[in-house]
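Protein chains: 4
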Amino acid sequence: MNFSEHKNIFLQIRDWMVDQILTGKLLPGDKIPSVRELAADIEVNRNTVMRSYALMEEEGILENKRGIGFFVSLDAKSTLLNIQRKEFFTETLPPILHQIQVLRLDSTDLKSLLAVIHFNDNKHEEEQ
Amino acid sequence: MNFSEHKNIFLQIRDWMVDQILTGKLLPGDKIPSVRELAADIEVNRNTVMRSYALMEEEGILENKRGIGFFVSLDAKSTLLNIQRKEFFTETLPPILHQIQVLRLDSTDLKSLLAVIHFNDNKHEEEQ
Amino acid sequence: MNFSEHKNIFLQIRDWMVDQILTGKLLPGDKIPSVRELAADIEVNRNTVMRSYALMEEEGILENKRGIGFFVSLDAKSTLLNIQRKEFFTETLPPILHQIQVLRLDSTDLKSLLAVIHFNDNKHEEEQ
Amino acid sequence: MNFSEHKNIFLQIRDWMVDQILTGKLLPGDKIPSVRELAADIEVNRNTVMRSYALMEEEGILENKRGIGFFVSLDAKSTLLNIQRKEFFTETLPPILHQIQVLRLDSTDLKSLLAVIHFNDNKHEEEQ
DNA sequence: GTGGTCTAGACCACC
DNA sequence: GTGGTCTAGACCACA
């Protein structure tokens, strides 16, 4: 894992783990590496890894069986989607909307954005 | 002004000022509040305001007339539009696109976003 | 059995066993499950169960017949009642009283508590 | 401050601070001691104090003005009462009820408990 | 072996 | 001056 300079390491660990879960590389119920193990692996202090794991436990993404280790919680995926969608609409989207308006961007400028949305729409139809 | 927790205050002041200019609430050539005035107003340290003004001067948004005060520079608006549009497409947009895809948001979810784009399209037509 | 997060499992096993005895689901002289049996049952390490049994033997609640197993000691119930009532009044009750006062809870809030006390009063009358 | 042996220090700091707030020794909006200051005062590591403050910020009891310090949040008192009352009814009370039942305690035994409740009832009447 | 707390000390950005 | 993160290392209880 490569850490970017100006984001907290414990958050980057969390982001990476979340990614593993969302992309299915880690499945609900899976045991994740022990604090010591991961710390050694990515050459980071135990405490930092611990902080990351504790955060994810609080968020309901991980569960802790004492003396055994941390496990991906069974409903991690839906919990994550909920957290992230909520964050997107309350934190991420509003300033974007504002900026699009202020910068007077129109559909020509934002064609790649529209393409993504269009793509998602079709994905949903397929699944039905 | 309400300051968000995890972004530097002096950057938030800058963002707010930029916004005032882009939306026409501050016009090129206008005198802006003195450092101590604004500092008192928004209950922030004078150094913080100063740092913000200095940054904007460096960016060519403000001009400083010694002993008189800071003024919105004459080409602030076009300068800003260029800077910000560029930033928007290289910095802001890409992670948004990724997130929209990961969260599988579709046009129903993002109706407010689409509404803004639509609104901008019409604005442009009127101006033609 | 569901284990709560922040209390030692071996203590929780003890509490559960004590409960079984006080409520008469386990009677004096009864053989209790073997260490390995209970461990398998509740999905816990055998050491943990052993520790719990050892504790209860020390407290005089259980007796160990070598090669046969653990049994509820004959005077377990009266022993327990004494231990627990004493503990209740010296350890458990005082902080509760304090908290009820601080939180300004009144008889309306605590109706379930009062109901239990009332229920116990009647139980005693019946037995006289 | 005297720390009891077997409870986490950072939680004891929180408990003490909560007490100060609930008893009115710290008022909403008050600045509390800086992390370094309190750490030196009670001879505990900065990190430990920090952890305590961060926890209380998360709980909405404290607010943080960057570069200035931590302040008692304006609605700390009601927030606290909510947290604690909720905890009392979901965590504290149920095992108490169970124990009272199992130990067959009656109103004679629990006279001090009833006295407190009675006292609270009168307090409320006075306030009306 | 596991998680969890605490210390001591460094370094950073921000006010 | 303030909070905040990270490290290195010790010590503990629990499984």
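Chains as they are written, first to last, in my numbering: chain A, 201 to 328; chain B, 201 to 328; chain C, 201 to 328; chain D, 201 to 328.
The beta-carbon is built from N, C-alpha and C at its ideal position, and this holds for glycine as well.
Review point. Using a Cβ-Cβ cut-off of 6 Å (strictly less than) and excluding sequence neighbours within five positions of F270 of chain C, which residues of its own chain qualify?
Key: The residues are I232, Y253, L262 and N264.
Practice item. Indicate whether at least one CB of chain B lies closer than 8 Å to the CB of T292 of chain A. Key: Closer than 8 Å to some Cβ of chain B, the Cβ of T292 of chain A qualifies, so yes.
Exercise for review: Quick one: give me the first and last residue of the beta strand (DSSP E) that L222 of chain A is part of.
Suggested key: Under the DSSP assignment, L222 of chain A falls outside any beta strand (DSSP E), being part of the alpha helix (DSSP H) whose first and last residues are I209 to L222.
Practice item. Below 8 Å on the Cβ atoms is my guess for D321 of chain C versus D306 of chain D; work out the distance and round it to an integer in Å. Key: Their Cβ separation, rounded to whole angstroms, is 5 Å, which keeps D321 of chain C and D306 of chain D in contact under 8 Å.
Point to revise | Cβ neighbours of D275 of chain A in the same chain (closer than 8 Å, five flanking residues each side left out) | key: The residues are P228 and G260.
Check your understanding: Opposite L313 of chain D in the DSSP bridges: which residues?
Key -> In the DSSP output, where bridge partners are listed per residue, L313 of chain D has none listed.
Review point. In terms of residues, what are the limits of the beta strand (DSSP E) holding E263 of chain D?
Key: Run containing E263 of chain D: L262 to K265, per the beta strand (DSSP E) assignment.
Exercise for review: Check each candidate in B:L293, B:K323 and B:V235 and name the one with the smallest Cα separation from G267 of chain B.
Suggested key: Of B:L293, B:K323 and B:V235, the residue nearest in Cα terms is B:V235.
**Study point:** Own chain, CB closer than 6 Å to R251 of chain C, minus 5 neighbours either side, in chain order
**Key:** Listed in chain order, the non-local C-beta contacts of R251 of chain C below 6 Å within the same chain comprise F210, local neighbours out to five positions each way being set aside.
**Study point:** Exposure label - S273 of chain B; buried when at least 16 CB within 10 Å
**Key:** Flag for S273 of chain B reads buried.
**Study point:** Distance CB(R214 of chain B)-CB(K323 of chain A) smaller than 8 Å
**Key:** Result no, Cβ atoms of R214 of chain B and K323 of chain A do not sit closer than 8 Å.
**Study point:** Among A:I221, A:I317 and A:E243, the one whose alpha carbon lies nearest that of I300 of chain B
**Key:** Nearest of A:I221, A:I317 and A:E243 to I300 of chain B, Cα basis: A:I317.
Point to revise | Buried versus exposed call for F319 of chain D [16 or more other C-beta atoms within 10 Å across all chains shown] | key: Counting Cβ neighbours within 10 Å, F319 of chain D comes out exposed, since fewer than 16 surround it.
**Study point:** Helix, strand or coil at F288 of chain C according to DSSP, with G and I counted as helix
**Key:** It is helical.
Check your understanding: In chain B, which residues lie with their C-beta within 9 Å of the C-beta of V272 of chain A?
Key -> Those do not exist, as V272 of chain A stays about 18 Å from chain B at its closest Cβ, beyond 9 Å.
Check your understanding: Does DSSP put F203 of chain A in a helix, a strand or coil?
Key -> Of the three classes helix, strand and coil, the one that applies to F203 of chain A here is coil, per DSSP.
Review point. Taking just the CA atoms, how far does T279 of chain A sit from H298 of chain B?
Key: So the alpha carbons of these two residues sit roughly 19 Å apart.
Review point. Where L222 of chain C and K277 of chain C are concerned, what is the direct C-alpha to C-alpha distance, given to the nearest angstrom?
Key: Approximately 6 Å, taken between the alpha carbons.
**Study point:** Bounding residues of the alpha helix (DSSP H) (the contiguous stretch that carries K244 of chain A)
**Key:** Note that residue 244 of chain A is Val in the sequence shown here, rather than Lys. The continuous stretches of alpha helix (DSSP H) do not include V244 of chain A, and DSSP gives it neither H nor E.
**Study point:** D230 of chain B versus B:M217, B:L293 and B:N245, residue with shortest Cα-Cα distance
**Key:** Comparing alpha-carbon positions, the option among B:M217, B:L293 and B:N245 lying closest to D230 of chain B turns out to be B:M217.
Review point. Taking Cβ positions only, does R214 of chain A come closer than 8 Å to chain B?
Key: So, not an interface residue.
Point to revise | P233 of chain A - containing alpha helix (DSSP H), residue span | key: Annotation: P233 of chain A is outside any alpha helix (DSSP H) and is labelled neither H nor E by DSSP.
Point to revise | Continuous beta strand (DSSP E) stretch holding G269 of chain A: start and end | key: Run containing G269 of chain A: G269 to V272, per the beta strand (DSSP E) assignment.
Review point. So, is the C-beta of D241 of chain B closer than 8 Å to a C-beta in chain A?
Key: Cβ-Cβ to chain A under 8 Å: no for D241 of chain B.
Practice item. Report the residues of the stretch 255-281 of chain C with a CB closer than 8 Å to any CB of chain D, ordered along the chain. Key: Answer in chain order: L281.
Review point. Can you tell me whether T365 of chain B is buried or exposed, with buried defined as 16 or more other CB within 10 angstroms of its CB?
Key: The structure shown does not extend to residue 365 of chain B, since chain B spans only 201 to 328, so no value can be given for it.
Review point. Taking C-alpha atoms, which residue in A:I242, A:P294 and A:E258 lies nearest to L314 of chain B?
Key: Closest in alpha carbon position to L314 of chain B, among A:I242, A:P294 and A:E258, is A:P294.
**Study point:** Residues of its chain near L281 of chain B, where Cβ-Cβ distance is below 8 Å and the 5 sequence neighbours each way are ignored
**Key:** In chain order, L222 place their CB closer than 8 Å to the CB of L281 of chain B, counting only its own chain and leaving out the 5 sequence neighbours on each side.
Practice item. Spatial neighbours of I283 of chain D within its chain, please: CB distance less than 8 Å, with the 5 preceding and 5 following residues excluded, ordered by chain position. Key: Counting only Cβ-Cβ distances below 8 Å, and skipping sequence neighbours, we find E259.
Exercise for review: Could you list the residues in the stretch 294-312 of chain A with a C-beta less than 7 Å from some C-beta on chain B, going in chain order?
Suggested key: Across the stretch 294-312 of chain A, CB contacts with chain B closer than 7 Å involve I296, L297, Q299, I300, Q301, V302, L303, R304, L305, D306, S307, L310 and S312, in sequence order along the chain.
**Study point:** Beta-carbon neighbours of L222 of chain C, restricted to chain D and to distances below 8 Å
**Key:** Under the 8 Å cutoff, chain D gives V302 and L303.
Practice item. Name, please, each residue of chain A whose Cβ falls closer than 8 Å to the Cβ of H324 of chain B. Key: Counting only Cβ-Cβ distances below 8 Å, H324 of chain B has contacts in chain A at R304 and D306, in chain order.
Practice item. Determine, using beta carbons only, whether I296 of chain C and T308 of chain D come nearer to each other than 8 Å. Key: Their beta carbons are not under 8 Å apart, which means I296 of chain C does not touch T308 of chain D by this criterion.
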